[in-house]
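Inspection log for the structure reproduced underneath, given as structure tokens.
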Amino acid sequence: MYYCRPHQGDGEADGMDSQRGGRDGPNPARAHLPWHDVHVCQRSHGEHRTLEDYPPDAQGLSASRTYGRMVDFDFLLDFMLQTPGMHMSSDRGITSQGAKDDAGLMFRYREKENAEGSPWTEDYKPGTFILLTHAADAFPEGGRAGFLRWLKSRCTLGLVDSHEHHHGLDAIWDKFGKCFVVVDSIIHYEPIYRAFLRRLMSVLKNDGVNWAELRFTWSLNYCRDRQEEPEKDYTHMFQVIEEEVARFKASPEGEGFWGLTTIWTSLRSNPTRPLVESMDHCITTKIQFPHLIAGYDVVGFEDFGRPLVDLLPELFWFRKQCAEEGVNLPFFFHAGETLGDGTATDSNLYDAILLGTRRIGHAYSLYKHPLLIDMVKEKRILVESRARSPMSLCNDDPAMLGQDTSGMSHDFWQALQGWDNLGLAGLGSLAENSVRWSAFEDEGQAEWIKGVREASLGDGIKAKRIKEWQVEWEKFCLWIVTEYGEEFDPDVAVSKPVDEESAI
123 MYYCRPHQGD GEADGMDSQR GGRDGPNPAR AHLPWHDVHV CQRSHGEHRT
173 LEDYPPDAQG LSASRTYGRM VDFDFLLDFM LQTPGMHMSS DRGITSQGAK
223 DDAGLMFRYR EKENAEGSPW TEDYKPGTFI LLTHAADAFP EGGRAGFLRW
273 LKSRCTLGLV DSHEHHHGLD AIWDKFGKCF VVVDSIIHYE PIYRAFLRRL
323 MSVLKNDGVN WAELRFTWSL NYCRDRQEEP EKDYTHMFQV IEEEVARFKA
373 SPEGEGFWGL TTIWTSLRSN PTRPLVESMD HCITTKIQFP HLIAGYDVVG
423 FEDFGRPLVD LLPELFWFRK QCAEEGVNLP FFFHAGETLG DGTATDSNLY
473 DAILLGTRRI GHAYSLYKHP LLIDMVKEKR ILVESRARSP MSLCNDDPAM
523 LGQDTSGMSH DFWQALQGWD NLGLAGLGSL AENSVRWSAF EDEGQAEWIK
573 GVREASLGDG IKAKRIKEWQ VEWEKFCLWI VTEYGEEFDP DVAVSKPVDE
623 ESAI
């Protein structure tokens, strides 16, 4: 998760009005989300309300989200177990704790069910697919329930992982990478993929998020329903996204949901050939589904490389190909996700800005560079994590980090607890910025800057969405005053007439 302080406005159209904020949650009575002034969150005598004490609000955009790491794994793993024909394989017999922690796992549909053998024995033949329900029931430590607990641990970073700092960054990134491999194997089968998308949109909408921009790094291992061979391109995968988004928006549950798009990402550590192949797939898929790809990024542990300066030939080739094909794929770079000083990773911030990135993910090291801070402000580049102006609050891998949700409430709640001066206006500013810097449609650089500058005073989709968000924020602020005004505002309490009987 990433948190950031509020941008309090730059004096132009639609900097955040101090009285705005928001989201139209279902029913305040079933409150379960944050977004409240810090004074509302803390009782005067020191008691703290919990996350469940508050209703959903208008959170707007969910950006910098990593595709595949956003749906609660209890749901996902249970659905996989119920999916006919699902099998499991391992690169070794899983007979020790080390194998449980590190074995390479694969989940695939197989038409011919194989219930012979077990991955939990010494004589297991590596790569053999075993019927998933059979393997789960035979798990030596608690049967199916134990299997689900173990498999979830292979998909998430737990408390132990987060506390063992002495292992260093390399160790946690190694575990993170293994989680990605397992999860991608699970969701890249059409029936599970459709369920994943439906669950994702449902949780987002229920949490007050009406628009999502999802980053992903997709290998070509996606299979259609009841097919064992992976697709050769991404056409069917995006067709499924298009169908499921349309179906959800047409449902009663999805009323008011704006939709979602993706930011295509390639692994920055890849050598030139696979990197260019990924870029080529991106352009081809963009031509087929222009509304479902908003931009391009390179991802992965920055300290492992490659730095952006090393990727310049490939990035310039990508830009040239986009121009020749007539597609608009701006950059939304991750950069500066490092604690180093003057390293190649630290320098990624310079190159991201010079390459015209519209937003920067993470930017941990930005505070060390006063010149870059000024350039970010001047160029109106949104920072998706750090305390710089302007910025939005985002999360990254909520399910994989153990939050069991796709929504933004945990992020806003923790930000609220962490900063005494954040307040309702600050939360509203973060949410409005997320809408203001959203990629709702293809725009050239001049159009993009114009839309960001004009905000709700413009005439495009962005202006329309900001106005809709502002209405919901006003509703939320009214709910705050109605629900808590008497409790936290002495003037409200004094102005109310005193009941004569209770006063005697």
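Sequential numbering of the sequence shown, starting at 123, is according to my numbering. Glycine is no exception: its CB is placed at the ideal position from the N, C-alpha and C atoms.
Local Cβ density within 10 Å of residue i, reported as buried at 16 or more and exposed below that
i, result
"S556", "buried"
"L493", "exposed"
"E365", "exposed"
"E623", "With a pLDDT of only 47 at E623, under the threshold of 50, the placement of this residue in the model should not be trusted; the figure read from the coordinates follows. Answer is exposed; the Cβ neighbour count stays below 16."
"R558", "buried"
"E244", "exposed"
"I409", "exposed"
"T604", "exposed"
"E312", "buried"
"V72", "Residue 72 lies beyond the residue range present for the chain, which begins at 123 and ends at 626; the question has no answer from this structure."
"F598", "buried"
"S551", "buried"
"E565", "buried"
"F562", "buried"
"G458", "buried"
"T357", "exposed"
"S531", "buried"
"G280", "exposed"
"E377", "exposed"
Helix, strand or coil at residue i [DSSP, three-state]
i, result
"N332", "strand"
"F455", "coil"
"D292", "helix"
"Y356", "coil"
"H403", "helix"
"W591", "helix"
"W559", "coil"
"G299", "helix"
"A153", "Reliability fails at A153, whose pLDDT of 29 lies under 50, so the model's placement of it is uncertain and no value is given."
"S240", "coil"
"L477", "coil"
"G268", "helix"
"H209", "strand"
"D425", "helix"
"A380", "Reading off the sequence shown, one finds Trp at residue 380, where the question assumed Ala. Three-state DSSP puts W380 in coil, outside helix and strand."
"S469", "helix"
"A260", "coil"
"V160", "In this prediction, V160 scores a pLDDT of 27, lower than 50, which makes its location untrustworthy; no coordinate-derived value is stated."
"V420", "strand"
Assumed close pair residue i, residue j - CB separation to whole angstroms, cut-off 8 angstroms
i, j, result
"T339", "S388", "7 angstroms"
"T394", "F360", "Rounded, the Cβ-Cβ distance is 25 angstroms, inconsistent with contact."
"R208", "L270", "First, the amino acid is wrong: residue 208 is Met here, not Arg. About 14 angstroms; that fails the 8 angstroms criterion."
"H484", "H456", "6 angstroms"
"I314", "F201", "6 angstroms"
"F453", "R480", "7 angstroms"
"G381", "W333", "6 angstroms"
"L430", "D473", "4 angstroms"
"P451", "L471", "Position check: residue 451 holds Leu in this sequence, whereas Pro was assumed. Contact doesn't hold; Cβ gap of about 21 angstroms is too wide."
"D419", "R346", "With a Cβ gap of about 27 angstroms, D419 and R346 do not count as contacting."
"L546", "I602", "7 angstroms"
beta-carbon residue i near the ligand GTP non-hydrogen atom, thresh 7 angstroms
i, result
"E447", "Absence of the ligand GTP is noted for the structure shown, with no ligands found whatsoever."
When the options are compared against residue i, the one with the closest alpha-carbon
i, options, result
"F195", "D473, V304, L430", "V304"
"L227", "D347, C301, N543, G566", "C301"
"D223", "Y231, F229, I252, R214", "R214"
"W242", "A372, T205, E263", "E263"
"A553", "G280, D468, F534, F426", "F534"
"A293", "D425, F370, M401", "D425"
"D402", "E576, A568, E446", "E446"
"D206", "T217, F261, R230, S212", "A small correction: the amino acid at residue 206 is Pro; Asp does not occupy that position in the sequence shown. Among T217, F261, R230, S212, the Cα nearest to that of P206 is on R230."
"K501", "G540, W570, T467, W591", "W570"
"T90", "R587, G290, W295", "This structure cannot speak to residue 90, because the chain is shown only from 123 to 626."
"L291", "G462, D432, I495, A372", "G462"
"E375", "L477, V325, F423", "V325"
"A466", "G448, L437, L433, R441", "L433"
Contact check, residue i vs residue j, beta carbons under 8 angstroms
i, j, result
"A237", "H256", "yes"
"E335", "I415", "no"
"K327", "F379", "yes"
"A258", "L203", "yes"
"R320", "F251", "no"
"I309", "F298", "no"
"E233", "R316", "no"
"M192", "L397", "no"
"E353", "L342", "yes"
"A260", "S275", "no"
"S211", "G249", "yes"
"G478", "Q567", "yes"
Any chain C beta carbon closer than 8 angstroms to residue i
i, result
"E596", "Protein chain content of the structure displayed is limited to a single chain, and chain C is not contained in it."
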